[in-house]
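Counting from 13, one number per residue, gives the positions in the sequence shown under our numbering. Heads up, the beta-carbon is just placed ideally off N, CA and C, and yes, glycines get one too. The structure presented is a predicted model; accordingly, all values stated were derived computationally and were not measured.
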Amino acid sequence: MNFTTLSRRARFGLATLSGILLGLAFPPTGLAGGLLAFVAIVPLLIALESADSLRKTFYTTFVAMFFLGIVSNYWVGGWSSSGEGDKFLMLGGVLLALVHPFWLVVPFLLYDMVRRRFGRTAALYLLPLFQAGFEYAHSFGDLSYPWLNLYDTQTYNLSFIQFIEFTGPYALSMVIVLGNVQIFQLIRSAATKDRLRYAIPLLLLIAIPYIYGMTAMSRHEKSAASLRVTVVQPNIDPWAKWNTDDQRILDTNFAATRTALAACHDSTDLIVWPETAITFFITSPAKQDAYRQLNDFLHEIKHPLLTGFPDREELQAGRDSIPEDAHYTGVGDFYYRSWNAAMLIQPTWDLPRDHTDVIMSGDYNVPTLRKAVYHKQKLVPLGEHVPFVEIFPALGRVFQWGVGLGSWNVGKGYEPLSMNLADAHNQMAQNPTLRVNPEICYESVYPSFIRHFVDHGANLLAVITNDGWYGESSGPYQHEQFAVLRAIENRRYLVRSANTGISVIIDDRGRFVKQLPLFRSGSITERVPLIERRTLYTRFGDFVAIPSMLFSILMFVYSLATWFIARSRRKPAASMQSPEAHSDALPL
């Protein structure tokens, strides 16, 4: 079939259809288990057949990606939140809708460049590489946003996606694009004898992952140890809690934890609180009384705790070395750094005063808390970190989110939080060492980032988050579903504590073991294996995505270079012709 003569209205109509279908393939709709993604790009490919210039390809693809963002990311501005709207959330939502499509069109611009140089067939079968390379590259930098990567459409399709333990998720995006390409080729060859040439590879593309997946879903990873984890969902209004006094914050979390322990008959080895469950700098000297209360509470319940909290480091010029990322307090020679953080804290007894892992509570040594801290590294643009603020510091004074967030420093390192839980006076017979990767909110959507922690020894993944900003929109459901991929990629159990939900425990095959719905206080407790085996993806990383990215860059440079060379050769000949004779020589 020939689609090269489509009208402009038809071209934009097909692009709109493609964007809407692709948006509906994402959670929470995930129509047909995400299989809609395997046909959603076909209308766009048909529309691009009539795009006879790079400019038309850009406009057509931009329309598709704009509607993709509207359908799947409409919630980012916080419009559906039950609390009062925030101007920076709204600004972020508007900018995302208008600006993000400029990034998403990149693979299709490369497709158009290759199509003009090497023909349609070459371009179609290189498009999966361009998509994977772009998605990988788009996960780095201040403007990274991997939320709309194609692999995220498949979180309901568990049997199909089990192979990502070998390849990582970017190969899944390649398979999705390749499936669209094969269907497009089938449509084009409908009136010819070439249909089997495209139908058979398409069937194999779908069947092979399912065959492996059904086998993989029937087994679990071996583990020598396990522990019982209690996930607490306090259900505190995210807008109100930043204006709540410190004592009430502690009392609310203490009460929710006592209720959780009663529900599991005190049979647990680790308690998990959500992101910024503690909203103040509890480890600072000024909050010594609050820290003493936390100390007393943990010794009362005799269980370790993983919790989110804001961390702060005070610095003074002349006494301390002032890092480049330190903020000036505006007073004297004093600077500070602050982080959105998580700490794994454990009640201990009879530790010497010089123990480096122990923070003393008040004036006494016994009992004390052993504490390991992680600082968040993947910060939400505008909400937690102003893009390029290191280059333009004035931006940090302009963009300040008024709910306890904003201008956080960026953490470093891939070491998981480690603790021998036998020291906690708990009831575990196996006495394993827990090495947990605390993924704070947005970090859980970065596959390459998370796998580094597992490669460094993490035997449990823990997502702590606060999704209540977005009400009952698609946002909390998408964020929950994306965690499925991290569990499968690394073959680790994943526990997720969300302030207002959705809290969940996910097994190493991506299945939900237990779950708490949105806006309900409560807890879930489950025995979780501590798995040590590293998957192929964990060990070797993005060996699919990185070559794809490098190849995409090479093709872009080559296409650009040949365009400049062709243009420079035309100039002498063009000077011999009238303007009308060569004004349309380059199809831009």
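W351 has D323 as its beta-bridge partners, per DSSP. Here K314 is exposed, its C-beta having fewer than 16 other C-beta atoms within 10 Å. Counting C-beta atoms within 10 angstroms of its own C-beta, D206 has fewer than 16 neighbours from the protein chains shown and is therefore classed as exposed. Taking A211 as the centre and dropping the five residues before and after it, the same chain places the C-beta of L198 closer than 7 Å to its C-beta, in chain order. Within the model, the alpha-carbon separation for Q194 versus R545 is close to 36 Å. Sequence-distant Cβ neighbours of F531 in its own chain, meaning closer than 7 Å and more than five residues away, are N247, T512, G513. Under the Cβ criterion (8 Å, minimum of three pairs), the stretch 256 to 268 does not count as touching the stretch 214 to 231. Taking all protein chains in view, the Cβ of E312 is surrounded by fewer than 16 other Cβ atoms within 10 Å, so the residue is classified as exposed.
According to the DSSP secondary-structure assignment, T445 is paired through a beta bridge with N432. The three-state reading of DSSP puts Q245 in strand, counting E and B together.
Following the DSSP letters along the chain, one finds F524 inside the beta strand (DSSP E) bounded by residues 524 to 528.
Residues P55 of the same chain have their beta carbon placed closer than 7 Å to that of L29, with the five preceding and five following residues left out of the count.
Distances from the alpha-carbon of V556 to those of R23, M186, Y454, F568 put M186 closest. By the 16-neighbour rule on beta-carbons within 10 angstroms, M13 is exposed. E336 sits exposed, since fewer than 16 C-beta atoms from the chains shown fall within 10 Å of its C-beta.
The stretch 67 to 82 makes contact with the stretch 105 to 119; the number of CB pairs closer than 8 Å reaches 3 or more. Y386 sits close to P450, with the two beta carbons spaced by under 8 Å.
In this chain, L155 is not harboured by any alpha helix (DSSP H), its DSSP state being neither H nor E. Assigned with DSSP and collapsed to three states, K253 falls in helix.
Straight-line measurement puts the Cα of I357 at about 27 Å from the Cα of P529. Here the C-alpha atom of S533 lies approximately 58 Å from the C-alpha atom of G131. Sequence-distant partners of F178 (beyond 5 residues in either direction) whose C-beta falls short of 8 Å from its own C-beta, in its chain, are T547, L548, Y549.
I452 and V475 have their C-alpha atoms some 6 Å from each other. Boundaries of the beta strand (DSSP E) harbouring I517: 515 to 518, taken from the DSSP string. Shortest Cα-Cα distance from V516 to any of V243, P444, K388 involves V243. Between S535 and A275, the C-beta spacing is below 8 Å. Counting along the chain, V51 sits inside the alpha helix (DSSP H) bounded by residues 49 to 52. Sequence-distant Cβ neighbours of S509 in its own chain, meaning closer than 7 Å and more than five residues away, are V243, V244, Q245, V284, W285, P286, I476, S515. Rounded to the nearest angstrom, the Cβ distance from L47 to L36 is 11 Å, too far for a contact under 8 Å. CA-to-CA, the gap between Y86 and V448 works out to about 33 Å. Considered as a whole, the stretch 276 to 341 harbours 282 to 284, 317 to 328 as its complete beta strand (DSSP E) runs of no fewer than 3 residues, in chain order.
In the same chain as M355, and ignoring 5 residues on each side of it, the C-beta atoms closer than 7 Å to its own belong to T319, F321, K383, A384, V385, in chain order.
By the 16-neighbour rule on beta-carbons within 10 angstroms, Q328 is exposed.
Taking C-alpha positions only, D154 is separated from E455 by approximately 13 Å.
F15 places its beta carbon less than 8 Å from that of I58. Closest option to A298, judged by alpha-carbon separation, among E326, R463, P316, F146: E326.
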